[in-house]
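Novice:
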Amino acid sequence: MAQLLITGGAGFIGSHTALVLLEAGHSLVVLDNFQNSSPESLRRVQELAGPEAAAKLRVVEGDIRSAADLEEALGSSTDAVVHFAGLKAVGESVAKPLAYWDVNVCGSRQLLAAMQRAGCRTLVFSSSATLYGIPDVVPIPESAPVQPINPYGHSKAAVERMLSDLAASEPGWRIACLRYFNPVGAHPSGRLGEDPNGIPNNLFPFVSQVAVGRRNRLSVFGGDWPTPDGSGVRDYIHVMDLAEGHRAAVDVLLAEDPQLLTLNLGSGQGHSVLEVVAAFEAASGQAVPYEVVARRPGDAATTVADPSLAAELLRWRTQRGLSQMCRDGWAWQSANPQGYAS
Ligand code: NAD
Ligand code: UDP
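So our numbering is basically just the index in the sequence shown, starting at one, shifted up by 74.
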């Protein structure tokens, strides 16, 4: 079993992954500044993991841009880092590009330098399908051009570039860049889930908040896309499948020769906005009123992963479909209508 550093481990994807990694027997240090999360998520991870595994989780409140915080979190015996910490809102990245280059790019550079100093050369990086921009080919293979269309996407592409330059510069690096499609849902217990600040930008948390009565209605961004029902199509992936993909990536990196992997994590299955609304209504028993409005600038009609490379190299594929994403998302939202502050 390995000693792992999880940056951003209190966040949405990080907390679910921390639980899966603890359950797999690993020891974890979570480094998080809680700027978009709550320590409560980690308390619940410990509660779900049980006392024995919970004792293997140490929390360091700190920033990935701080060499001192990184040194404290890494120590001298970290086998691998899973790097989630970062900023992730597309619209905010357009308004505050320097913040995105600072946290996502400079923060990652600081982390890599600290890993070099600590002698740890194994990293799983949270990349994003957003770096494909408006894709030319769907399903999207990893060989598709990297052509981001916003500062958030540019920051992810820059970190991927930095990682490939680093891997080429010295032997021994084991790196997996995981390009997530659309992570949604929650732990089936309803104890962990997504807790966005303010008005959600993403479809799934918005729909959940309409269902629970926090918002009046969903705006469907465009009804005239070239898709079967005219609404946008995405590849939604259950956050527990995503967490299990990270466990597989850690296992593969630690077991195999040094390598740089770049992999899509998605289901290969597309669902439209209106399908998500219908599935959420069915799972929750609540109405989700909506109105179709203008398209959102920068949106693609359809983004769906070609997940075959991850299936081959990680021996991992998604297990959970849209109805389970909605069921588990509703278990979280209905039990925690105000998120971790409920
Ligand atoms: P999140 O905001 O819930 O989690 C990110 C965590 O990082 C938070 O706990 C936050 O407090 C922490 N953090 C932010 N800046 C930090 C800093 N400077 N130092 C230390 N900690 C810091 O986001 P998430 O949805 O869990 O996403 C995790 C990663 O996955 C991000 O890198 C994101 O870009 C990437 N990603 C997310 C999605 C998605 O739709 N959620 C899709 C593709 C990629
Ligand atoms: N969407 C929508 N209303 C919303 C938020 C999103 O209709 O309030 C649509 C959006 O146009 C896209 C899909 O839902 O077709 C997924 O959007 P999200 O922002 O969740 O993910 P991304 O566009 O980044 O893949």
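Ideal Cβ placement from N, Cα and C applies to all residues, glycine included.
The model shown is predicted, which means the values in this text are computed figures rather than measured ones.
#1: Use the C-beta contact count for Q221: other C-beta atoms within 10 angstroms, 16 or more gives buried, fewer gives exposed.
#2: If distances are taken between C-alpha atoms only, which option among L252, S358, D380 and N410 comes closest to L396?
#3: Following a CB-centred definition, is Q360 positioned closer than 8 Å to any heavy atom of ligand 1?
#4: Do G82 and ligand 1 come close, with the Cβ less than 8 Å from some heavy atom?
#5: Among the residues of its own chain, which have a CB less than 7 Å from the CB of N107, if the five just before and after it don't count?
#6: How far does the alpha helix (DSSP H) with E97 in it extend, from its first residue to its last?
#7: Report whether the distance from the Cβ of S377 to the nearest heavy atom of ligand 2 is below 8 Å.
#8: Determine which residues share a DSSP beta bridge with E365 and list them.
#9: Quick one: does the C-beta of T301 sit closer than 8 Å to a heavy atom of ligand 1?
#10: Taking 7 Å as the limit between beta carbons, can you name the residues of its chain near N224, skipping five residues before and five after?
#11: Does the beta carbon of N275 fall short of 8 Å from some heavy atom of ligand 2?
#12: Determine the DSSP secondary structure at R248, reduced to helix, strand or coil.
#13: Here's a check: name, in chain order, each residue in its chain whose Cβ is nearer than 7 Å to the Cβ of A173, leaving out the five neighbours to either side.
#14: Tell me, please, whether the CB atom of S101 is closer than 9 Å to any CB atom in chain D?
#15: Considering only the beta carbon of each residue, do S21 and L337 sit closer than 9 Å?
#16: Can you list, in chain order, the residues of its chain whose CB lies under 6 Å from that of N410, leaving out five sequence neighbours each side?
#17: Using only the alpha-carbon positions, how far apart do G149 and K130 sit?
#18: In whole angstroms, what separates the C-alpha of R118 from that of V362?
#19: Within the continuous beta strand (DSSP E) that includes L186, where are the two ends?
#20: Out of curiosity, what's the CA-to-CA distance linking M75 and D309?
#21: If we ignore side chains and look at the alpha-carbon of each, how far apart do F255 and S112 end up?
#22: Quickly, what does DSSP pair V307 with across the bridge? List them, please.
#23: Cβ-heavy atom distance between R370 and ligand 2 below 8 Å?
#24: For I284, is the classification buried or exposed, using 16 other Cβ atoms within 10 angstroms of its Cβ as the cut-off for buried?
#25: Based on DSSP bridge pairs, tell me the residues matched to Y174.
#26: Quick one: what does DSSP say E268 is sitting in, helix, strand or coil?
#27: In whole angstroms, give me the CA-to-CA distance for Q120 and L78.
#28: Spell out the partners DSSP gives V155 in its beta bridges.
#29: Take the Cβ of Q407 as the centre, count every other Cβ of all protein chains shown within 10 Å, and call the residue buried at 16 or more, exposed below.
#30: Per DSSP, what are the beta-bridge partners of E135 in this structure?
Specialist: Quick answer:
#1: exposed
#2: S358
#3: no
#4: yes
#5: E135, G136 and D137
#6: F86 to E97
#7: It should be noted that the sequence gives Thr, not Ser, for residue 377. Yes, ligand 2 has a heavy atom inside 8 Å of this Cβ.
#8: S293
#9: no
#10: V164, S167, V168 and G372
#11: yes
#12: strand
#13: L161
#14: Among the chains in the structure shown there is no chain D, since it carries only a single protein chain.
#15: It is not possible to answer for residue 21, since the shown part of the chain is limited to 75 through 416.
#16: S416
#17: 15 Å
#18: 29 Å
#19: Premise fails: L186 lies in the alpha helix (DSSP H), G181 to A192, not in any beta strand (DSSP E).
#20: 32 Å
#21: 24 Å
#22: S346 and T376
#23: yes
#24: It is worth fixing the name first, because residue 284 is Val in this sequence and not Ile. Classification of V284: buried, given that the 10 Å Cβ count is 16 or more.
#25: Looking at the DSSP assignment, Y174 forms no beta bridge with any residue, so it has no partner.
#26: coil
#27: 16 Å
#28: L79 and L197
#29: buried
#30: D106
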